[in-house]
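Participant:
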Amino acid sequence: MKRIETLLNVVMGASFGSWLGLTIGDYRYYRIMEPFNSAPWYTPALVRLIPCAAVILACLLLKLWLRRRAR
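Number 23 in my numbering belongs to position 28 of the sequence shown; there are no gaps in the numbering.
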């Protein structure tokens, strides 16, 4: 059980970390290309937040289910 929970923690952390890294990259790229951009820099970040949140929510629900099953 602990190994599965640890794996789920790693998946959640990787999902959030990749989202955060891509968001920072988008912001930096936006600042370089600012005169040519029509959309705000956070638009792609919000779009990528949906699958990231889905992965984190699925992992949390799976962890909750595993803990209840272990009782």
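Even for Gly, the Cβ is constructed at its ideal location relative to N, Cα and C.
(1) Report yes or no: do three or more beta-carbon pairs, one from the region 57 to 66 and one from the region -4 to 5, lie closer than 8 Å?
(2) Tell me the residue span of the alpha helix (DSSP H) that contains residue 4.
(3) For residue 3, I'd like the list of residues in its chain whose CB is within less than 7 Å of its CB, leaving aside the five on either flank, ordered along the chain.
(4) Could you check the C-alpha separation between residue 43 and residue 19 for me, to the nearest Å?
Facilitator: Per the coordinate set shown:
(1) yes
(2) As a first step, residue 4 is located in the sequence shown; it is residue number 9 there, counting from the start. From DSSP, the alpha helix (DSSP H) with residue 4 extends over -3 to 27.
(3) Taking the first residue of the sequence shown as 1, we reach residue 3 at position 8. Taken in chain order, the residues that qualify are 54, 57, 58.
(4) One-based indexing of the sequence shown puts residue 43 at position 48. One-based indexing of the sequence shown puts residue 19 at position 24. Cα to Cα, the separation comes out at about 13 Å.
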